[in-house]
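Undergrad: One structure, as structure tokens, below. Some questions next.
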Ligand code: GLP
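Numbering (the working numbering), first residue to last: 34 to 287.
Right, dumping it as structure tokens:
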């Protein structure tokens, strides 16, 4: 795993955007997946501006949604597809890029149809993921298994609270791409930003697998870049970074 500790948000965005630009330049027709959440919003602003300037073109690419809520009372209000349309409309939902939305359906047929689309694309060239405070990726919550593909999940109480706050209308189930497809991606970009995630950063730096921390199931993947927005981790961020850098140094020295 490669780690980038960004001292501020601009550096965080630069590092993440560089990985995306590189991978797209290497393989313009790659399949990729994109996360939702607060973490990627500044990155998406950058992608929009790169696209407007002609420096990023996803016309030949295929985008697969990573996850989607189930049972949203007013779908698509509050949905992840709306989030992506709002934040990456011109880059992705522009009539050029092939986009596979993840339908908010829990029937076996639509889940396996999504897997078939992923297989048809030859799997993911680039998986971009954020993480939850419990280390979830997409909606692969603790307890997820490596062989899982697109499936329905019951969200943990912690995830529902983090994502919906005290909103009355909330989803408690979701559909998500599974760890099998994320682990099978040619490259993975893990974005870490936000309070309460320092413990997961420490576990990632260990570069070993913690069974109940799904993002660490990527520890044995050959091409993972983890970009950490250190300032966003709050006061403990710099302490985490110092110990993480120390751990990496001693790992290299041994
Ligand atoms: C949701 C999404 C994840 C995302 C996570 C983190 O649970 N399913 O894909 O990584 O939120 O959100 P945030 O970036 O707001 O911390």
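Ideal Cβ placement from N, Cα and C applies to all residues, glycine included.
These numbers come from a predicted model, not from an experiment.
#1: Looking only at its chain, what residues have a beta carbon closer than 7 Å to the beta carbon of residue 213, apart from the 5 residues adjacent to it on each side?
#2: By alpha-carbon positions, which one of 118, 88, 192, 261 ends up nearest to residue 128?
#3: Say yes only if the C-beta of residue 3 is nearer than 6 Å to one or more non-hydrogen atoms of the ligand GLP, and no if none qualify.
#4: Would you please state the rounded distance, in angstroms, between the beta carbons of residue 260 and residue 48? I believe it to be under 8 Å.
#5: What are the boundary residues of the alpha helix (DSSP H) that includes residue 47?
#6: Please confirm if the region 35-51 is in contact with the region 124-140, defined as three or more CB-CB distances below 8 Å between the two stretches.
#7: Would you give the residue range spanned by the alpha helix (DSSP H) that residue 84 belongs to?
#8: Measure the C-alpha to C-alpha separation of residue 41 and residue 73 and round it to an integer number of angstroms.
#9: Quick check on the DSSP output: the alpha helix (DSSP H) that includes residue 147 runs from which residue to which?
#10: If you draw a straight line from the C-alpha of residue 154 to the C-alpha of residue 232, how long is it?
#11: Can residue 209 and residue 163 be called in contact, C-beta distance under 7 Å?
#12: Based on DSSP bridge pairs, tell me the residues matched to residue 35.
#13: Return the Cβ separation of residue 200 and residue 102 in integer angstroms, given the expectation that the two are a contact with Cβ distance under 8 Å.
#14: Can you have a look at residue 56 and say buried or exposed, based on whether 16 or more other CB atoms are within 10 angstroms of its CB?
#15: Run through the DSSP bridge pairs and tell me what residue 161 is partnered with.
#16: Please indicate yes or no: does the CB of residue 108 lie closer than 6 Å to some heavy atom of the ligand GLP?
#17: In whole angstroms, what separates the C-alpha of residue 237 from that of residue 258?
#18: How about residue 184 and residue 247: are their beta carbons less than 7 Å apart?
#19: So what does DSSP say about residue 271, is it helix, strand or coil?
TA: In short, the structure shows the following:
#1: As a first step, residue 213 is located in the chain shown; it is residue number 180 there, counting from the start. Scanning its chain for C-beta atoms nearer than 7 Å, with the 5 sequence neighbours on each side dropped, one finds around residue 213 the residues 179, 180, 181, 182, in chain order.
#2: Counting from 1 along the chain shown, the entry for residue 128 is found at position 95. For the residues 118, 88, 192, 261, the minimum Cα distance to residue 128 belongs to 118.
#3: Since the first residue of the chain shown is 34 and the last is 287, residue 3 is not available in this structure.
#4: By 1-based counting over the chain shown, the position of residue 260 is 227. By 1-based counting over the chain shown, the position of residue 48 is 15. Contact flag correct, Cβ pair sits at about 5 Å.
#5: Taking the chain shown and counting its residues from 1, one reaches residue 47 at position 14. Where residue 47 is concerned, the enclosing alpha helix (DSSP H) stretches over 42-59.
#6: Contact annotation: the region 35-51 does not touch the region 124-140, with fewer than three C-beta pairs closer than 8 Å.
#7: Within the chain shown, the letter at position 51 stands for residue 84. Taken as a continuous stretch (DSSP letters only), the alpha helix (DSSP H) holding residue 84 covers 74-85.
#8: In the chain shown, counting from the first residue as 1, residue 41 sits at position 8. In the chain shown, counting from the first residue as 1, residue 73 sits at position 40. Near 14 Å, if we compare the C-alpha coordinates of residue 73 and residue 41.
#9: Your numbering for residue 147 matches position 114 in the chain shown. In the DSSP annotation of this structure, the continuous segment of the alpha helix (DSSP H) that includes residue 147 starts and ends at 141-153.
#10: Position 121 of the chain shown, counted from the first residue, corresponds to residue 154. Position 199 of the chain shown, counted from the first residue, corresponds to residue 232. Their Cα atoms are separated by approximately 35 Å.
#11: Taking the chain shown and counting its residues from 1, one reaches residue 209 at position 176. Taking the chain shown and counting its residues from 1, one reaches residue 163 at position 130. One thing to note: residue 209 has its Cβ no nearer than 7 Å to the Cβ of residue 163.
#12: Against the chain shown, residue 35 aligns to sequence position 2. According to DSSP, residue 35 bridges with 258.
#13: Residue mapping note: residue 200 aligns to position 167 of the chain shown, counting from 1. Residue mapping note: residue 102 aligns to position 69 of the chain shown, counting from 1. Their Cβ separation, rounded to whole angstroms, is 12 Å, which puts residue 200 and residue 102 out of contact at 8 Å.
#14: Position 23 of the chain shown, counted from the start, is the residue given in the question as residue 56. With 16 or more Cβ atoms within 10 Å of its Cβ, residue 56 is classed as buried.
#15: The residue given as residue 161 occupies position 128 in the chain shown. Note: residue 161 sits in a beta bridge opposite 222.
#16: Position 75 of the chain shown holds residue 108. Flag unset: Cβ of residue 108 not near the ligand GLP.
#17: For the purposes of this step, residue 237 is taken as the residue at position 204 of the chain shown. For the purposes of this step, residue 258 is taken as the residue at position 225 of the chain shown. Each residue's Cα considered, the two are about 11 Å apart.
#18: On the chain shown, position 151 is the one that residue 184 refers to. On the chain shown, position 214 is the one that residue 247 refers to. Judged by their CB atoms, residue 184 and residue 247 are not nearer to each other than the 7 Å cut-off.
#19: Walking along the chain shown from the start, residue 271 turns up at place 238. Residue state, collapsed to three classes: helix.
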